[in-house]
Amino acid sequence: MHGTHDDGELKGLERSLAGLRPAPAGIDRDELMFKAGQAAATGRAGLAPNAAVLAVLVAAFAGAGTTWLARPAAPERIVQVTVEKPVLRVVELSPMMPAGERPERSVARADYLELRDRVLAEGMDALPPLGPAGGAAPGGTLDDLWRDFGIPPRHSAGKAWAPSTGRSAQS
Amino acid sequence: MAAGKSKPIDTQLLSRLLDEHGRALTLFARQYCDSPEDVVQYAFLKLVRSRQGHGNMVPWLYRVARNRAISIARSSTRRQRRELRVARREQPWFEPDYAEELDARAAADALKALPEPQREIIIAHIWGGLTFEQIGQVVGCSSSTAHRHYNEGLSSLRERLRSPCTEHTTTEN
Amino acid sequence: MRRASPMAILAFLTACLCMTTSAQEQEQVAVRRLAVRPAAEPVPAMRYRLLPTFYEQEPGNAATVLKTAALMLAQHDDREALQRIGDWAKTPLDQLPLEAVRTALSQFESELHYVELGAWRERCDWDWPLQEGAMMLLPDLAAYRNMARLLALQARMQILERDYEAAIHTLQTGFALASHVAEGRILINGLVGSAIASVMVDAVEDLMQAPDAPSLYWALAALPRPLVDLREAIEFEMTGMAFWPKELRKPERMYLSPRQWAEVFRGFGGLVDESSRSGSLSPMAIALVTYTDAKRHLLEKGQPPEEVEAMPVLQVVAIYLRDGWRLRADALLKWWYVPYPQARVRRLGTEQVLAEAPDNLAGRLAVLLMPALQKARFQQMKLERRRAGLQAVEAIRLHAGATGGLPERLEEIERVPVPLNPMRDEPFEYELRDGRAVLSAPLEPDGRPEDAFRYEIEMVR
Chain A
314 MHGTHDDGEL
324 KGLERSLAGL
334 RPAPAGIDRD
344 ELMFKAGQAA
354 ATGRAGLAPN
364 AAVLAVLVAA
374 FAGAGTTWLA
384 RPAAPERIVQ
394 VTVEKPVLRV
404 VELSPMMPAG
414 ERPERSVARA
424 DYLELRDRVL
434 AEGMDALPPL
444 GPAGGAAPGG
454 TLDDLWRDFG
464 IPPRHSAGKA
474 WAPSTGRSAQ
484 S
Chain B
0 MAAGKSKPID
10 TQLLSRLLDE
20 HGRALTLFAR
30 QYCDSPEDVV
40 QYAFLKLVRS
50 RQGHGNMVPW
60 LYRVARNRAI
70 SIARSSTRRQ
80 RRELRVARRE
90 QPWFEPDYAE
100 ELDARAAADA
110 LKALPEPQRE
120 IIIAHIWGGL
130 TFEQIGQVVG
140 CSSSTAHRHY
150 NEGLSSLRER
160 LRSPCTEHTT
170 TEN
Chain C
24 MRRASPMAIL
34 AFLTACLCMT
44 TSAQEQEQVA
54 VRRLAVRPAA
64 EPVPAMRYRL
74 LPTFYEQEPG
84 NAATVLKTAA
94 LMLAQHDDRE
104 ALQRIGDWAK
114 TPLDQLPLEA
124 VRTALSQFES
134 ELHYVELGAW
144 RERCDWDWPL
154 QEGAMMLLPD
164 LAAYRNMARL
174 LALQARMQIL
184 ERDYEAAIHT
194 LQTGFALASH
204 VAEGRILING
214 LVGSAIASVM
224 VDAVEDLMQA
234 PDAPSLYWAL
244 AALPRPLVDL
254 REAIEFEMTG
264 MAFWPKELRK
274 PERMYLSPRQ
284 WAEVFRGFGG
294 LVDESSRSGS
304 LSPMAIALVT
314 YTDAKRHLLE
324 KGQPPEEVEA
334 MPVLQVVAIY
344 LRDGWRLRAD
354 ALLKWWYVPY
364 PQARVRRLGT
374 EQVLAEAPDN
384 LAGRLAVLLM
394 PALQKARFQQ
404 MKLERRRAGL
414 QAVEAIRLHA
424 GATGGLPERL
434 EEIERVPVPL
444 NPMRDEPFEY
454 ELRDGRAVLS
464 APLEPDGRPE
474 DAFRYEIEMV
484 R
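Chains as they are written, first to last, in the numbering used here: chain A, 314 to 484; chain B, 0 to 172; chain C, 24 to 484.
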């Protein structure tokens, strides 16, 4: 749709639209400034080596004494190395913490910290929704459990709700 | 690793950029995805990390924000996070306009109904303050094409806002 | 301004900008409007309470029953009903669709019953697997949020039906739930508990505005201060180094081989990944390049050089990290022990401490693992301020009940003390405007416009 249009009217619309103010940005300024300060100090935009890479580095350096640390290593010296083997096979582990029993958890930031910080920032709405609906718990629902013991289930949906007065009566 | 010896960043510039362009950038990002604040923060941090001169930083910020927002909208990982926020109401695009010259909600609805090329150019020009040449660099077209889309979009907006009985359809993000 | 590092300048400018922006945004502050009626003190004075008393509570551990209720909610089929209940929590009371609400609530009768059973128990021991540290899963937390919304909706229904005794009982259940959820040492429980209490306070506002609603002045006064105390959780996460491997808490006492230290660090490094918000090199790599600084630190502490040389590299780094953590954690935590009205004016000091942290693993860990103390304290104080504010509104109701009208100034109210704004230890701001009372507090630097406190009170008959 182009061609004939009233320039004056469009200019008027343009002015009216410009009079609208976009909603607030909703950015945590303190957090941004602090992260900006961090980012400026590190001065690097690249990604971190992954856990497999680092395990190689640790294995290489951990038992090697202190000689390699005679001079401080600049960050650029940590090079991306492709490692095909999974982490647990590269690192020689002590009997104290057998590799096989420690699950690989380096994939995502720790669950609790992530959740805590989101709730701090966003409130209760940041909590994830409830788990799968109806009967998803291992071993069946509570009703199933009661039936297994020959007890009629006491939790049936659809009962009429009545406002409670004082202490709840046993149903 | 040397600590605290890197070149100091211009905090005043960053603050000013946030003050002057934060809202418009957020509006710009909001048309693509529903986590525009994350997008805008990403763009600012990328600016700080890159530490290169970008000439006029504002079009650069818009380009980064656009790429990031579109990437977020397409990414399946982010889709999961969006599901986690399903209880949230959609945020308004504009502040309510008590002067009643133009209804903020109607304007937002009309904008949402525009095709993406027209909408993003209108937002970048009117609220972002970008020239058509800068917009062309952001979205990847010539300045004349950007200008044409702009005029077409404005004409469509005018028709929509003129007819209150017109059924407005909202374009999904 | 004294010469300071870039990050300190950032933090300072940030604070200045925040205050300036706050002033500009004052006019955009959200207002809560209350239409209340004059009231008289209840007889007896403590006839109404918002928490169960000791004598009313049942013995036993609330957590076991509340976890059962959480499981019941998680198994409930009707997810849409839960969603609607969440939406109705924000609907004005006079716009609630009564029949739909009744029907929805009726589906959760059993769940509500178990929530009540749990909430009215006298103690709550969650017994979390804290040894899991930062990997701990808390899948039932969302259920407590849903419980709060159910209770709030039930209370609102009871208010609409003018069954105020029942509504108050439901509110007691809700505040007790908030209190129990907040117990247990981890911060997120405290935050969720605080949010649950806030949902209940919303319902208290509804009750205050109901026709012939009783005075809740003393009921609000009797609530503990603070209503939800995050202090223990903050201490646990900060000084207890809750999310550190135990080997890193007292590293000088650990006698591990270099490979064993490597394994400790490998597990610790699992907390961070490429896409985390700290977004930089993971601890492992940084630890390797931190050794020089770590060694110097130990020598400056007075440790004999031959001992330091003999220690495994990562043990030296571990001690350095721990000391760095303690330095920063204590610098932040100490202000928690100062009353908020005094602590709030010192916030620049604590931010500078964090901002001036060297950009090494210790500094990054501080950002990653330390909770945002400022935010947490502000959340706690926001709830306190709201409680005090509503108590002030109740004082106004009592004044109107005795004199027939709104006071010109808060000082006119003699029947009961008017609470101070706990964020500043000062009276709330008060004025009469167009026949309404405006009760407000200044916008705090820690807050945004939506965190502001401003009530417009209309006295109706």
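All C-beta atoms in this analysis are idealised placements derived from N, C-alpha and C, irrespective of residue type, glycine included.
None of the values given here were measured: they were computed from a predicted structure.
In the structure shown, residue 325 of chain C falls within a coil segment according to DSSP collapsed to helix, strand and coil. Within 10 angstroms of the beta-carbon of residue 27 of chain B lie 16 or more other beta-carbons, which makes it buried. Residues of chain A with a Cβ closer than 7 Å to the Cβ of residue 21 of chain B are, in chain order, 338, 340. The beta carbon of residue 47 of chain B falls within 8 Å of a beta carbon belonging to chain A, placing the residue at that interface. Between residue 33 of chain B and the set B:16, B:65, B:134, B:106, the nearest pair of CA atoms involves B:65. Of the other Cβ atoms in all chains shown, fewer than 16 fall within 10 Å of the Cβ of residue 11 of chain B; this residue is therefore exposed.
Straight across, the Cα-Cα distance linking residue 78 of chain C with residue 401 of chain C is about 33 Å.
Between residue 396 of chain C and residue 257 of chain C the beta-carbon gap is near 7 Å, inside 8 Å, which marks them as a contact.
Listed in chain order, the positions of the segment 164–192 of chain C with a beta carbon within less than 7 Å of a beta carbon of chain A are 164, 165, 166, 168, 169, 180, 181, 184, 186, 188, 189, 192. The continuous alpha helix (DSSP H) containing residue 166 of chain C extends over residues 164–183.
With fewer than 16 other Cβ atoms inside 10 Å of its own Cβ, residue 90 of chain B counts as exposed.
Here the alpha carbon of residue 108 of chain B sits roughly 11 Å from the alpha carbon of residue 93 of chain B.
Under the 8 Å criterion on CB atoms, residue 330 of chain A is classed as interfacial with respect to chain B. Residue 278 of chain C counts as exposed, since fewer than 16 other beta carbons sit within 10 angstroms of its beta carbon. Secondary structure at residue 83 of chain C: strand, using DSSP grouped into helix, strand and coil. DSSP places residue 55 of chain C within a strand segment (E or B) once states are collapsed to three. With 16 or more other CB atoms across the displayed protein chains lying within 10 angstroms of its CB, residue 336 of chain A is buried.
Taking residue 235 of chain C as reference, the option from C:117, C:443, C:58 with the minimal CA-CA separation is C:58. Spanning the alpha carbons of residue 151 of chain B and residue 117 of chain B requires a straight line of approximately 7 Å. Around the beta carbon of residue 76 of chain C, fewer than 16 other beta carbons sit within 10 angstroms, so the residue counts as exposed. Within the segment 329–370 of chain C, the runs of alpha helix (DSSP H) at least 4 residues long that lie entirely inside it are, in chain order, 336–356, 363–366. Distance check between residue 113 of chain B and each of B:144, B:126, B:142, B:154 places B:154 closest, using alpha-carbon atoms only. DSSP, read as helix, strand or coil, puts residue 462 of chain C in strand. Per DSSP, reduced to three states, the secondary structure at residue 436 of chain C is coil, with no helix or strand assignment. The beta carbon of residue 426 of chain A sits no closer than 8 Å to any beta carbon of chain B. Within 10 angstroms of the beta-carbon of residue 144 of chain C lie 16 or more other beta-carbons, which makes it buried. Judged by pairs of C-beta atoms under 8 Å, the segment 31–47 of chain B touches the segment 56–64 of chain B, as three or more such pairs exist. Between the C-alpha atoms of residue 62 of chain C and residue 247 of chain C there is a straight-line separation of about 23 Å. Residue 60 of chain B: member of the alpha helix (DSSP H) spanning 56–73, first to last residue. In this model, residue 186 of chain C and residue 68 of chain C are separated by some 20 Å (Cα to Cα). In this structure, the beta-carbon distance from residue 53 of chain C to residue 475 of chain C falls below 8 Å. Residues of chain B whose Cβ lies closer than 9 Å to the Cβ of residue 334 of chain A are, in chain order, 22, 93, 94, 96, 103, 126. Taking the beta carbon of residue 218 of chain C as reference, the chain A residues within 7 Å of it are 436, 437, listed in sequence order. At a cut-off of 8 Å between beta-carbon atoms, residue 323 of chain A makes no contact with chain C. Burial check for residue 121 of chain C: the Cβ neighbour count within 10 Å stays below 16, so the residue is exposed.
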